[in-house]
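Those protein sequences? They're chains A and B, same order as listed.
Going by our numbering, the letters in the first sequence line up with residues 11 to 345, in that order.
Going by our numbering, the letters in the second sequence line up with residues 11 to 345, in that order.
The structure appears below as structure tokens.
Number of protein chains: 2
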Amino acid sequence: MKRSRVTLADVAALARVDRAVVSRVVNKDATLNIRPETRERVLAAVEQLGYRPNVAARSLRTARAHMFGIFVPDFANPVYAEIIKGAEAEAAAQGYVLVTGSATGAGLGGYMDRLGQGRVDGLLLAGAGGESGLVEQLDRAGIPWIMLNHRSRSVRRSVVLDDERAAALAVEHLARLGHRRIGHLAGPAGADTATRRSAGYSAAMRDAGLPEGPIVAADYTPAGGAAAMATMLAAAEPPTAVFVANVASAIGAMEAVRKAGLEIPREISIVAVHDLDLASYLFPALTTVRMPLAELGRRGVTLLGRLQPDEAVAEVLDGPIDLIQRRSTAPPPTP
Amino acid sequence: MKRSRVTLADVAALARVDRAVVSRVVNKDATLNIRPETRERVLAAVEQLGYRPNVAARSLRTARAHMFGIFVPDFANPVYAEIIKGAEAEAAAQGYVLVTGSATGAGLGGYMDRLGQGRVDGLLLAGAGGESGLVEQLDRAGIPWIMLNHRSRSVRRSVVLDDERAAALAVEHLARLGHRRIGHLAGPAGADTATRRSAGYSAAMRDAGLPEGPIVAADYTPAGGAAAMATMLAAAEPPTAVFVANVASAIGAMEAVRKAGLEIPREISIVAVHDLDLASYLFPALTTVRMPLAELGRRGVTLLGRLQPDEAVAEVLDGPIDLIQRRSTAPPPTP
DNA sequence: TGTGCACGCTCAATCGTTTGATCACGCGAG
DNA sequence: CTCGCGTGATCAAACGATTGAGCGTGCACA
């Protein structure tokens, strides 16, 4: 219920020492030579007054905010929620706090404006599309930033998931079940993740000695997935299994399969990238590839804390990727 | 790629005015009398140097951080994601930025510690359970705070949704379909929302002239919902329709119904509170009551900005509540 | 020819911490 | 007896913006 704020000076007065001493005690300055009893007096005063350092004053002096920013397209997308969770955990471990912003708020531009100067020590961009001028805008702000799960020539710092391995896991699973006509519902043309998942699909098919099945591009949305799957099923010889680049597309794809009068997994198997809670609530429960999304957020924060001002990085995250088998995949129908 | 930071003094020097003028121009101080040409000079200098105010210095001087904190149990829960979206939109409109924290990070205690003093101008607590000592801890920090969707005698500031009306909408929908035995999968005993939804259920049943059906408490989780629904179905005369207090419980409840060999909605109807995207992906698509979650977040931020230091508030949000009819409700079976 | 006032600025104190420099004191060595 | 040094502190200058008070013009009015 303290209304009047307690400052270093108050503590110093009560402990009968200089503010400098209090500052060094509070910050556990190792170079400080102090008598144990004095330290005790200081700590007691801190305790008694309920002193909490003023972060604005500290930031002003040290030019560090002890905050990181993270910008996502949409909080309601569980993929980004996982990334944020990981980022928050690592930030907390470093004593940092997270300033979140989303495209549903006022966009990246508005977010950066409100951030002003010196508010955050670094910025994490998750799933930012290739907005033109974005890189310039970011660099002009003079804030170190890292892009998550997206890379391009203009992005000097990025961490991405191993989408190729994820795709391989999915394809291998289907091939092991006996499928030979394995289609691919790819992501949208512009998306970097889509490119990498498609590359992984192609490589895995080649490794399995299978001809690349039909490939149709789809938005990362249920509607996009439904349309693409309808197209795929209308072909002369539809696949017996489909690797879908994204779980959102897969939801729509399943709907399209149902509409076409086919049964999952008896007549067609489906496996998608990203294991979200909702995958297990779908009917039938969706087989997925689990990506280390939280780890991606964690790694981003770690790098933000570690990187030197002009150090570049392009990392493929070395985290666990697992196939989560549920009910949507099974051996192909025997003709 | 500006590395050296631009300060007010730099701008002032370039524009050949005092720092004070620059400050007042930048902040659009209405009391400032200035010649248009001088203002132009200042703005041009700001532009040319790419000046952005240092938020630490500003916060130190004004004792306002232009940040609000928001603490949620879990980012991955779409209910909180919606609340955050609303809060962010309103915060952005006020020129504020949001510092998020979750229980999955380092808990409320850790979050508050990292917040220090003066980092945020106010704190929004969403869905915080009744942790003992929490209110004292919050008050001791001297930060204005508002609890969302939960109230108790020790909480002086809260905004809650109109859960009673939501329950009434659901019950009326079922009654209008012809159901007479309408059960209730209530929330956990401790939860404030559960209490209010149950009260709404009872009132609506009374209004409809129906006897209160079986009531079973369930955690707000799929597992909790499944167990509770199993119990309910095992009774002598199971209901033909169930009002479930939470969409997560409903997911489990639907599973339990399937396991019991009953068909939704032909043999039993289900309606739940909270309309999330995933509700439409369930099988069958779940009829829900849509609550203005984003509006709740928005309102919280608005109040944080408006309330006087010792002003209390206990508000029931007056936002739109709608029944979203999908496939999980239908008239009762004709015996 | 003063007086008063509005205009268009400038001055300088202040916010609370951090941190390099400095200082008093006592003690051991020469 | 004095010099030097380690110990355990203190001093004071930043950090960058805000803001109430002050100040010099020039013009209007008496």
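Think of the CB as a built atom: it goes at the ideal place given N, C-alpha and C, for glycine as much as any other residue.
Chain-ordered, the chain A residues with CB closer than 7 Å to the CB of B/Pro88 read Ala86. Contact with chain A is found for B/Tyr291, since one of that chain's Cβ atoms lies less than 8 Å from the residue's Cβ. In this structure, A/Val56 places its C-beta atom within 8 Å of the C-beta atom of A/Val36. With a threshold of 8 Å between beta carbons, A/Ala91 makes contact with chain B.
Per the coordinates, the alpha-carbon of B/Ala213 lies some 39 Å from the alpha-carbon of B/Ala102. Nearest C-alpha to A/Ala322 among A/Arg163, A/Ala138, A/Leu292 and A/Gly79: A/Arg163. Excluding sequence positions up to five before and after B/Ala25, its CB lies within less than 6 Å of the CB of Arg51, Val52 and Ala55, all in the same chain and listed in chain order. In the DSSP assignment, B/Thr110 falls within the unbroken beta strand (DSSP E) covering Val107 to Ser112. Secondary structure in the stretch 121-173 of chain B: the alpha helix (DSSP H) runs of 4 residues or longer, each lying completely within the stretch, are 144-150 in chain order. Here B/Gly126 is near A/Arg62, since their CB atoms are less than 8 Å apart. When C-beta atoms of the stretch 290-306 of chain B are compared with those of the stretch 166-184 of chain B, three or more pairs fall below 8 Å, so the two segments count as touching. With contacts defined by Cβ atoms closer than 8 Å, A/Ile278 and A/Leu286 do not form a contacting pair.
Taking a cut-off of 8 Å for Cβ pairs, the stretch 142-152 of chain B and the stretch 103-111 of chain B do not touch, as fewer than three such pairs fall below it. Using a CB distance cut-off of 8 Å, A/Gln147 does not count as an interface residue toward chain B. In the three-state reduction of the DSSP assignment, A/Asp217 falls in the helix class.
Pairing B/Ala218 with B/Ala255 gives a Cβ-Cβ distance that is not under 8 Å. Using a 10 angstroms sphere on the CB of A/Leu292, the tally of other CB atoms reaches 16 or more, which defines it as buried.
Here the alpha carbon of B/Arg268 sits roughly 12 Å from the alpha carbon of B/Arg276. DSSP lists A/Val226 and A/Val254 as the bridge partner or partners of A/Leu195. Under the DSSP assignment, A/Gly79 falls in the beta strand (DSSP E) whose first and last residues are Met77 to Val82. Taking 8 Å as the threshold, the shortest C-beta distance from A/Ile334 to chain B does not fall below it.
For A/Ile94, the enclosing alpha helix (DSSP H) stretches over residues Pro88 to Ala103. With respect to the C-alpha of A/Ala236, the residue from A/Ser259, A/Gly223 and A/Val252 having the closest C-alpha is A/Ser259. By the rule that beta-carbons nearer than 8 Å mark a contact, B/Gln127 touches chain A.
B/Leu184 carries a helical assignment under DSSP once its states are collapsed to helix, strand and coil. Boundaries cannot be given for A/Ala270, as no beta strand (DSSP E) includes it and DSSP labels it neither H nor E. Annotation for B/Leu333: the continuous beta strand (DSSP E) segment containing it runs Asp332 to Ile334. With distances taken between CA atoms, B/Arg71 lies nearest to A/Ala67 out of A/Ala67, A/Ala73 and A/Arg71. Residue pairing by DSSP places B/Glu325 opposite B/Val169 in a beta bridge. At a C-beta separation below 7 Å, B/Ile261 has these neighbours in chain A: Tyr291. For the 8 Å CB-CB criterion, B/Leu243 and B/Ala228 do not form a contact. DSSP, read as helix, strand or coil, puts B/Val21 in helix. In the three-state scheme derived from DSSP, where H, G and I count as helix and E and B as strand, A/Thr41 is classed as coil. Of all residues in the stretch 55-67 of chain A, those with a C-beta nearer than 8 Å to a C-beta of chain B are Gly60, Arg62, Pro63, Asn64, Val65, Ala66 and Ala67, reading in chain order.
Residues are counted here when their Cβ sits less than 7 Å from a Cβ of chain A; for the stretch 269-300 of chain B these are Leu288, Tyr291, Leu292 and Phe293, given in chain order. Looking at the DSSP output, A/Ser279 sits in a beta bridge with A/Ala251.
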